[in-house]
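Using my numbering, the first residue of the sequence shown is number 900, and each one after it goes up by one.
Worksheet: one structure, shown below.
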Amino acid sequence: MKQLLILLFTLHFSLLTASAQSWTADNGNGTYTNPLFYDEFSDPDILRVGDDYYLAGTTMHAVPGLVILHSKDLVNWENISYCFDRFDFDDDAFSLKNHKEIYGQGIWAPAIRYANGQFYLFSNINGKGLQCYTAKDIRGPWKHHNMQGRIYDLSVLFDDDGKIYAIHGYGEVKCTELKPDMSGPIEETERTIIPEGNAVGEGHHIYKIGGMYYLISTDYMPNGRTLCSRSKSIWGPYETITITADETFGYHAASLTQVPRSKYRIGEDGTKFGIPEADRDATACTNIHQGGIVEDQNGQWWALLMMDFHSIGRTVTLAPITWKDGWPMLGLEGNLGRAPRTWFKPNISRKEEGGRRKEITPRAPYDRCDNFEYSPSSVLLPPSSKKLKPIWQWNHNPDDSKWALKNGRLRLQSMPAEQLMWARNTLTQRVIGPTSIATVELYTNGMKDGDVAGLGNINVPCSWIGIVKDGKSLMLRCFEQATNDTTDISLSALHSPLSSKIYLRMVGDFDHDRAHYEYSLDGTTYQQMGREMPLSYQLITFQGSRHALFAFNYKGQKGGYAEFDNFTVEEPQADRSGNIPYGKTFRIINLATEKPAIALPHGLLYDTEADNRTPQTRFRIIDKGQGQVILQCEDGRYVFCAGYGIAGDVRLTADESKAEVFMWQDYLNHEFMLMSMRTHRYIGKSPTTGSPYSMDFPGSDPARRNGAVFRWEE
């Protein structure tokens, strides 16, 4: 009977998980929409081996470390491996012991390569030097080579002559040969290949294409740009151009936590934090930058670059590459240097199966929900050991004797810590946008005096909601480090038995950098606790917001334990099937002017008063397939462009064959842009000049108020 109940519960939970949708870039119609992931994935490096694509990314101080995703089409990804399950160094800092930590350090900026019948992953660990991990199978096991040496933020090239080169450095770019056995750099081979003063930055990705050496890099002075340097020799000389700039997809720079690092100790409470208002017009490093390029099976090249994506952290975008005069320019002919947010998937999404062509099913890279039952898909750990889903990472090395999966729950034993950021065995996963709700059940039966347990946000500043046990009494507490503010509610005042479970929840709007906490006694009715908190990105831990399940003892004692169950993540905006208004009549409101577009009798598209609701302000779309549409006014006329460039009027015609075909660019919340499939530029109207609509906008500005972004109203 017990096994039957477990089976029924597992089936019930599986059905719930299957019915819940998670963000995937695949629109299901042959197109994708950036970002590839709506959660953090920093410093992406891309590798293709045959028909398989592998993406490696930074994990900093979290373990398992060095994440690897796999894809067949560059759009749908699956987490298949980590290079290691814990840092294999004895230093207390890697395990958050004795007030030592590696926040903002750890392992970062990997380079993934395949040569000599095996996979290589190169990266740097602060204070330990260059590291290399090798494996015959991408899923592991991985062998660790500590190569030491001061080579970091590198790219590696296995050249045709058998030599192995590491490219590294900021501004002054250097090349160093590596030993084939991965024991270290070859002494006295380091040479400067690009001198300082050539506007080249860091985050290098080196390739040899058609006998030419290409180096993709990123510069941050004065703001983010992606560059390409090329040479006929690995040693130079190199010429350099910018291959993309200012592509933010209409997202402004995030608020950066302001704190004097020299005076700040991780985990310290106080009011020295500052989260200033974001400059909505600033590009800063929000634009796509730093990442790799890859050629697909059909000869089309693609760039996978990251962008600073508000309080989510850094995430990955996919952009087509157009080769121009021997340079891999991001974007499309007619609009080079920019990239569409929505575009056709790589033409490799079909595979032969029994003579039939089959689409790759859209999927998210992670399963975020967890009932903490046995998980055979977990990475790294052998079948006999306790398992967690691959989405989870520990904050620093865990103490494996202090946690367990027991009776279908996660049990965390309390260890002494003065604050969340010092709490060992804190289990984390990335938040996901644009909006999401994370909920967990907390069981307090095993808690002892001084124990604190709950759901938090590991960030700087951090925050949490949870239960505090003081003597025999239990207190529900919400804590916000930014203001050093604590809100308490006695559980006895809520008429809650001391042994009962409590439901804790974080509700996040990560596109607008805000979140709040809620609690419930019955899992149905929730009450907000604490304020709507501002969220930020920061360069202290180099991570965005992260959900955290934690337990610690603030009285410095060996505490009891807390148990967690049924961690769920709801994503209200993951289903984008209704974002394009097929079959609807709607007005088009320009975000820059808040005025609706009108099809003038004179034949031009212009704007009008906000309350004008004549047929000339009402439009519908005609579906042309794969996200392509024709725009038709309710009076029967179609939108087209007459002329070229900024002088090309947007006009109306009764001839459908002349209608402009647009690729609909979904910006969520009924916001969108229209990209001409003929010119690859966008329809828009200056908010200041009084000119009519034209079709020569390269894209949106960070604040979405340059006149190229619209909102539709049914």
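All C-beta atoms, glycine included, are put in the ideal place defined by N, C-alpha and C.
If you draw a straight line from the alpha carbon of C982 to that of M1320, how long is it in whole angstroms? For C982 and M1320, the distance between alpha carbons rounds to 25 Å.
To which residues of the same chain is Q1472 closer than 7 Å at the C-beta, ignoring the five residues directly before and after it? Sequence-distant partners of Q1472 (beyond 5 residues in either direction) whose C-beta falls short of 7 Å from its own C-beta, in its chain, are P1333, T1334, L1567.
Three-pair Cβ contact test at 8 Å for the stretch 1139-1156 versus the stretch 1101-1111: The stretch 1139-1156 is not in contact with the stretch 1101-1111.
In whole angstroms, give me the CA-to-CA distance for Q1586 and Y1592. The sequence as given places Pro at residue 1586; Gln does not occur at that position. Answer to the nearest angstrom: the Cα atoms are 10 Å apart.
When you compare each of D1080, P1079, S1082, V1072 to R1090 by their alpha carbons, which one comes out closest? For R1090, the closest alpha carbon among the candidates D1080, P1079, S1082, V1072 is that of V1072.
Length at least 4, wholly inside the stretch 1078-1112: the alpha helix (DSSP H) runs in chain order: DSSP runs (the alpha helix (DSSP H)) wholly in the stretch 1078-1112: none.
Nearest-angstrom Cα distance between P1601 and D1180? Approximately 6 Å between the Cα atoms of the pair.
Minimum length 4: unbroken alpha helix (DSSP H) runs contained in the stretch 1443-1494: The qualifying runs do not exist here; there are none.
Can you tell me whether M1594 is buried or exposed? The criterion is at least 16 other CB atoms within 10 Å of its CB, across all chains shown. Counting Cβ neighbours within 10 Å, M1594 comes out buried, since at least 16 surround it.
Quick one, are the C-beta atoms of N1356 and A1447 less than 8 Å apart? Yes, these two residues count as a Cβ contact at 8 Å.
Host beta strand (DSSP E) of F1609 (start-end): 1609-1612 is the span of the beta strand (DSSP E), which, as asked, contains F1609.
Return the CA-CA distance between F993 and N1296, expressed in angstroms with no decimal places. Each residue's Cα considered, the two are about 6 Å apart.
What do you get for E1258, buried or exposed, if any count of 16 or more other CB atoms within 10 angstroms of its CB means buried? Per the 10 Å Cβ criterion, exposed.
So I1231 packs on P1219, CB below 8 Å; how close in whole Å? First, the amino acid is wrong: residue 1231 is Leu here, not Ile. With a Cβ gap of about 6 Å, L1231 and P1219 count as contacting.
Beta carbon of D1118 nearer than 8 Å to that of A1152: Cβ atoms of D1118 and A1152: not closer than 8 Å.
Taking Cβ to Cβ, would you say R1012 is nearer than 8 Å to L935? No, they are not a contact pair.
If we call anything under 8 Å between Cβ atoms a contact, is L1530 one with F1561? Note that the C-beta distance between L1530 and F1561 is below 8 Å.
My understanding is that S1022 touches I1006, with C-beta atoms under 8 Å, so please give their C-beta distance in whole angstroms. Going by Cβ atoms, the distance from S1022 to I1006 rounds to 5 Å, so yes, they are a contact pair.
Roughly how many whole angstroms lie between the Cα atoms of G1070 and I1187? For G1070 and I1187, the distance between alpha carbons rounds to 19 Å.
Look at the alpha carbon of M1228 and the alpha carbon of P1289, and state the distance between them as a whole number of angstroms. Each residue's alpha carbon lies about 35 Å from the other.
Is the distance from the Cβ of D1412 to the Cβ of S1435 below 8 Å? Yes, Cβ-Cβ distance for D1412 and S1435 is below 8 Å.
Whose C-alpha, out of V1549, N975, D972, G956, is nearest the C-alpha of L965? Comparing Cα positions, the closest option is G956.
Excluding the 5 residues flanking F986 on each side, which residues of the same chain have their C-beta closer than 6 Å to its C-beta? Cβ neighbours of F986 beyond the five flanking positions: F993, N1296.
Beta-carbon proximity list for K999, same chain, < 7 Å, skipping 5 on both sides: Beyond the five residues adjoining it in sequence on each side, K999 comes within less than 7 Å, by CB distance, of D991, A992 in the same chain, given in chain order.
My understanding is that D1266 touches S1313, with C-beta atoms under 8 Å, so please give their C-beta distance in whole angstroms. So it is not a contact: roughly 28 Å between Cβ atoms.
Own chain partners of P1136 with C-beta closer than 7 Å, once the 5 adjacent residues on each side are dropped: Same-chain partners within the cutoff: S1130.
Run through DSSP, which three-state label would E1514 get? For the record, residue 1514 in the displayed sequence is Pro; it is not Glu. Looking at P1514 - three-state DSSP - the assignment turns out to be helix.
Between the Cα of R1308 and those of T1343, F1451, V1528, spot the shortest distance and give me the residue it belongs to. The option with the nearest alpha carbon to R1308 is T1343.
Count the other CB atoms within 10 Å of the CB of I1001; is the residue buried (16 or more) or exposed (fewer)? So I1001 counts as buried.
Starting from K1223 and walking both ways along the beta strand (DSSP E), at which residues does that stretch end? Note, K1223: beta strand (DSSP E), 1213-1223.
To which residues of the same chain is G1583 closer than 6 Å at the C-beta, ignoring the five residues directly before and after it? The answer, listed in chain order, is F1596, G1606, A1607.
Taking the DSSP output, what are the residues bridged to R1023? The sequence given here has Asn at residue 1023, not Arg. Paired residues: W1007, L1029.
Please report how far the alpha carbon of Q1047 lies from the alpha carbon of S921, in whole angstroms. Computed Cα separation, rounded: 40 Å.
Alpha-carbon to alpha-carbon, G1459 and L1621: Only positions 900 to 1613 of the chain appear in this structure, which leaves residue 1621 out of reach.
Sorted by chain position, which residues of the same chain lie with C-beta nearer than 6 Å to K971's C-beta, five sequence neighbours on each side aside? Taking K971 as the centre and dropping the five residues before and after it, the same chain places the C-beta of I1259 closer than 6 Å to its C-beta, in chain order.
Residues near G1535 in its chain [Cβ-Cβ closer than 8 Å; skip 5 each side]: The beta carbon of G1535 sits closer than 8 Å to those of A1553, all from its chain and outside the five residues before and after it, given in chain order.
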